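Protein chains in written order, with the working numbering: chain A, 1 to 541; chain H, 542 to 894.
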């Protein structure tokens, strides 16, 4: 655990990519193989489930530290992280231990089968043998909340450096449904493995949001435009008579979308399609909220299948007849996608994401402006002669999203943030006017600068009306422009509305609360989603 | 400054101290002693001010008469200019009106004091800011027996526990050596009064050059002039060429980090020395490369031990985590309360002093 803690500290201390890769590569070359495997698993988001509830951890930590629970609870919002709070309040360790990361992880996994007293004893014993960063990390791993600022791409780069293997090949190997319990370092990284290769997806190519006007991209003829769909990015694989569906989060979700089993019958062997999973009915996509009813379900009822059928809307081909064609130009890959989809029965769950023809950039801007009516988030621009790259790379793929909807709302509650925002008030609840009353409509956490958060924090401290635990009710004075991607009716919310992806676009220092938007303004958006509550006219393109 | 006051004045859960304060009471100007007609660290202009130490939330301009320790006075004069300042030695007793006052080491910065006020046999002690552990520079903290102890609690939560100073200094030395080996300067943010000199004394024998920001150098000059031995420093001036001091340690106020002033040191590694660096969130937000947990305030254990050592039955909290700390003390059997002051101790953003 000490070696892992040293790695974590090195990664946490720097924001420089080269320093991170260096530290990680050194670790991956030197640490024992089981520890390397666990590190790769953790850094690729393969965290074991939470071994114990946060409530129990709080109680046990407070008890061990000899503190009343209320005092522990008062510390938590100041620190802004449960594992860190625990690590800080516990007395110094009485024993010195250097159990390896993999040994600790094995212990944590074993806790699932323990009764509570045994689990408590195991955790107290671990706390008592770990100091500083190790104790913090151990507790993070217990809570399932371990994170460190290393992207998958960066980790793969370090792994390539440590093993001397090709980065793309490693990225491919790391995909899929493995855990340190089901594989070994040798199997995952070193040995050839044809069985795993059958289900293995390719790393997704991810687009950046376009900066500035699209004119900067050059000649329209060099580009292919498609809708940017508001669904789940996915890869549909048909190999050896079976099919697999992967989400971008690298979850194997084949069983959740049984309608896509048609892939086995209609896709040629050795086909890998890149596309979007959407809820699709009566010839058009349903809003993302409909798809959400499908995401969490492991078993799908007939009724749900009938109410909310799903479709895979394909826009790229990565493997054709068992051959990796990612290096071929997009125009060529697209042509093959169209041929393949032409071979499946029309009106079914396998569909083509159409190319949006445009003669000039204004033309495309108009199409983008109408995207919301097509249940799309905007348009995608892809360079026609570009290969399919891995990860988020600038240059060949751009998303050109619709301008968000906006509303001017009044801050009514504030809560301190977590992590680097601890001790700052950053999590706010916003309301709109409804006659004389204020109706809460949304929460938002992001979009302001640190300086603005500091200023608001000072303001919140002086303008608190009431406290509810960590939440402060504040004087309803500050107005913020809230940007969001969509709005829908929601009986679960007091306002009857739910906003999608709300964030603070700016602090409207110029606006008094009396000039904030009304609930009726928002309700009008339900009817006419192209209108903006916050600004005077239509945003358009 | 306003932040803490607002926090304390606001009605909210938890009792506020309301009993008649016989020896000292809070007015809109500050902590007032009716028997002696004086204030302690007042935040609005008054006739007579007793000052615990020179930090700007305690020593403010505009009072008619000042009283401070002889070792604390030079910095206060330096900061406040031409003021009518009388001095007093530690433990020397002076009568002011019907009150007997004396100043006792608080261990916070050189010359810092707790102020003992005795009226008709009733003894109250105002802690100012204090640190029970020795720092190698300030006169070490001495517990003063009293009936009522008015204490700060900037770090009054059990997540704040300082490690021995020697360990922290060793960490800073390692960081400095590492940077120096790579030809980088080490830019360390620290309060200009107290923390910076404490670091100087703790690191001065390392052999490497130590450069100082003007605000810090000015304070060092005042302290050297009063006979406090500080290691040699090189003041940074507009003419200073950082290349003539490769691998130097540069001491600067926290607000100077990331400023145009700091840019002259090129690809320097940055660090901050503050009690708040105990929190990863604050450490990350302050965006320095390294955070060193070093505070001139008492930590959780230090506060509890200091309060016990006074033998006081009543403890009033002035600034910091007053709410939880008061409740904790009440549960320990103390008659504990909160007095609203404008003092703020060490701030998370580290730019006030």
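All C-beta atoms in this analysis are idealised placements derived from N, C-alpha and C, irrespective of residue type, glycine included.
On a predicted model such as this, the values are computed, not experimentally measured, just so you know.
{"Query": "Other residues of its chain near residue 548 (chain H): CB distance less than 6 Å, five sequence neighbours each side excluded", "Result": "Because the pLDDT at residue 548 (chain H) is just 38, under 50, the model does not fix this residue reliably, and the value given afterwards should be weighed accordingly. Counting only Cβ-Cβ distances below 6 Å, and skipping sequence neighbours, we find nothing."}
{"Query": "Buried/exposed call for residue 873 (chain H), threshold 16 Cβ in 10 Å", "Result": "exposed"}
{"Query": "Residue 136 (chain A) versus residue 83 (chain A): straight-line alpha-carbon distance, rounded", "Result": "6 Å"}
{"Query": "8 Å contact criterion, which residue 647 (chain H) and residue 654 (chain H) should meet: CB distance rounded", "Result": "5 Å"}
{"Query": "Buried or exposed (CB count within 10 angstroms, at least 16 for buried), residue 559 (chain H)", "Result": "Residue confidence for residue 559 (chain H) is low, a pLDDT of 39 falling below 50, so the modelled location carries little weight and cannot support an answer."}
{"Query": "Which residues DSSP lists as bridging residue 89 (chain A), in chain order", "Result": "DSSP output for residue 89 (chain A) lists no bridge partner at all."}
{"Query": "Secondary structure of residue 462 (chain A), DSSP reduced to three states", "Result": "helix"}
{"Query": "Residue 598 (chain H): contacting residues in chain A (beta-carbon distance under 9 Å)", "Result": "Result: empty, since nearest Cβ-Cβ is about 15 Å, beyond 9 Å."}
{"Query": "Pairwise C-alpha distance: residue 3 (chain A) and residue 154 (chain A)", "Result": "20 Å"}
{"Query": "Any alpha helix (DSSP H) of 4 or more consecutive residues that is wholly inside the region 117–153 of chain A", "Result": "132–143"}
{"Query": "Neighbour flag for residue 861 (chain H) against chain A, beta carbons, 8 Å", "Result": "no"}
{"Query": "Continuous alpha helix (DSSP H) assignments of at least 4 residues falling wholly in the region 764–796 of chain H", "Result": "none"}
{"Query": "Rounded Cβ spacing between residue 695 (chain H) and residue 886 (chain H) (contact assumed at less than 8 Å)", "Result": "3 Å"}
{"Query": "Helix, strand or coil at residue 115 (chain A) [DSSP, three-state]", "Result": "coil"}
{"Query": "Buried versus exposed, by CB contacts within 10 Å (16 or more), residue 323 (chain A)", "Result": "exposed"}
{"Query": "Neighbour-count burial assignment, residue 808 (chain H), 16 or more Cβ in a 10 Å radius", "Result": "exposed"}
{"Query": "Paired residues, beta bridge with residue 443 (chain A) - DSSP", "Result": "A:429"}
{"Query": "Within 7 Å of chain H by C-beta, residues of the region 421–444 of chain A in sequence order", "Result": "421, 422, 423"}
{"Query": "Span of the beta strand (DSSP E), counted from its first residue to its last, around residue 227 (chain A)", "Result": "223–229"}
{"Query": "Residue 654 (chain H) - DSSP class collapsed to helix/strand/coil", "Result": "strand"}
{"Query": "For residue 381 (chain A), the first and last residue of its enclosing beta strand (DSSP E)", "Result": "376–383"}
{"Query": "Straight-line gap, residue 34 (chain A) to residue 76 (chain A) (C-alpha atoms, nearest Å)", "Result": "34 Å"}
{"Query": "Length of the line joining the Cα atoms of residue 670 (chain H) and residue 9 (chain A)", "Result": "32 Å"}
{"Query": "Rounded Cβ spacing between residue 367 (chain A) and residue 355 (chain A) (contact assumed at less than 8 Å)", "Result": "Going by Cβ atoms, the distance from residue 367 (chain A) to residue 355 (chain A) rounds to 11 Å, so no, they are not a contact pair."}
{"Query": "Contact set between the region 716–727 of chain H and chain A, restricted to residues whose Cβ is under 8 Å from the partner", "Result": "none"}
{"Query": "Proximity test, Cβ basis, 8 Å: residue 885 (chain H) and chain A", "Result": "no"}
{"Query": "Contact with chain H by residue 13 (chain A), beta-carbon distance below 8 Å", "Result": "yes"}
{"Query": "Residues near residue 877 (chain H) by beta carbon distance below 6 Å, same chain, minus five either side", "Result": "856, 867, 870, 871"}
{"Query": "Chain-ordered residues of the region 162–174 of chain A with a beta carbon less than 8 Å from chain H", "Result": "none"}
{"Query": "Below-8 Å beta-carbon distance, residue 840 (chain H) vs any chain A residue", "Result": "no"}
{"Query": "Inter-stretch contact (C-beta, 8 Å, three-pair minimum) for the region 234–249 of chain A and the region 388–401 of chain A", "Result": "no"}
{"Query": "Nearest-angstrom Cα separation, counted from residue 564 (chain H) out to residue 578 (chain H)", "Result": "11 Å"}
{"Query": "Residues from the region 42–66 of chain A in contact with chain H, defined by Cβ distance under 7 Å", "Result": "65"}
{"Query": "Residue 367 (chain A) - partner residues in DSSP beta bridges", "Result": "None, per the DSSP bridge assignment."}
{"Query": "At least three beta-carbon pairs within less than 8 Å, the region 769–783 of chain H to the region 679–697 of chain H", "Result": "no"}
{"Query": "CA-to-CA distance, residue 449 (chain A) to residue 513 (chain A), given in whole angstroms", "Result": "22 Å"}
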